[in-house]
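Using our numbering, the final residue of the sequence shown is 79, and nothing's skipped along the way.
C-beta atoms are modelled at their ideal positions from N, C-alpha and C, and glycine is treated no differently.
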Amino acid sequence: MIDPSIWRQLAPAMALVSTMTGFILASALLGTWLDHQLGTDSIFTGGLTLLGLIAGAVYLAKGVRRTEPHDPSPPAAP
2 MIDPSIWRQL
12 APAMALVSTM
22 TGFILASALL
32 GTWLDHQLGT
42 DSIFTGGLTL
52 LGLIAGAVYL
62 AKGVRRTEPH
72 DPSPPAAP
């Protein structure tokens with residue numbers, strides 16, 4: 002059986018990845034809608050999906066840095 006504590010450890014990472022996926026999907030849907038409205042050929046879909054990917058990656062990088070365990074002990078003296 003899987004140890005239940007693993008889910009508590011994975012929860013922050015799963016939340017970050019799902020938020021990043023949301024950034025990408027939302028920007029892709031907006032781009033698709035704009036392409037449909039303006040009659041363009043996937044210009045906005047590709048561009049906004051790329052922007053969503055970049056925004057999601059930045060969010061993920063900042064979030065991972067925030068969720069890393071912090072060691073409060075002072076550095077060892079030489």
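Can you give me the Cβ contacts of LEU30 inside the same chain, cut-off strictly under 8 Å, excluding the 5 residues immediately before and after it? Within the sequence shown, the letter at position 29 stands for residue 30. Cβ within range, chain order: n/a, list empty.
At a cut of 8 Å, does the stretch 19-26 reach the stretch 53-65 through at least three beta carbon pairs? yes
To the nearest whole angstrom, what separates the beta carbons of LEU35 and PHE45, a pair I think is in contact under 8 Å? Walking along the sequence shown from the start, residue 35 turns up at place 34. Walking along the sequence shown from the start, residue 45 turns up at place 44. That belief holds up - the Cβ atoms of LEU35 and PHE45 are roughly 4 Å apart, short of 8 Å.
Are there 16 or more other CB atoms within 10 angstroms of the CB of SER43, so buried, or fewer, so exposed? Along the sequence shown, read from residue 1 onward, the residue named residue 43 stands at position 42. Classification for SER43: exposed.
By the three-class DSSP mapping on this structure, what secondary structure does THR20 have? For the purposes of this step, residue 20 is identified with residue 19 of the sequence shown, where counting begins at 1. Of the three classes helix, strand and coil, the one that applies to THR20 here is helix, per DSSP.
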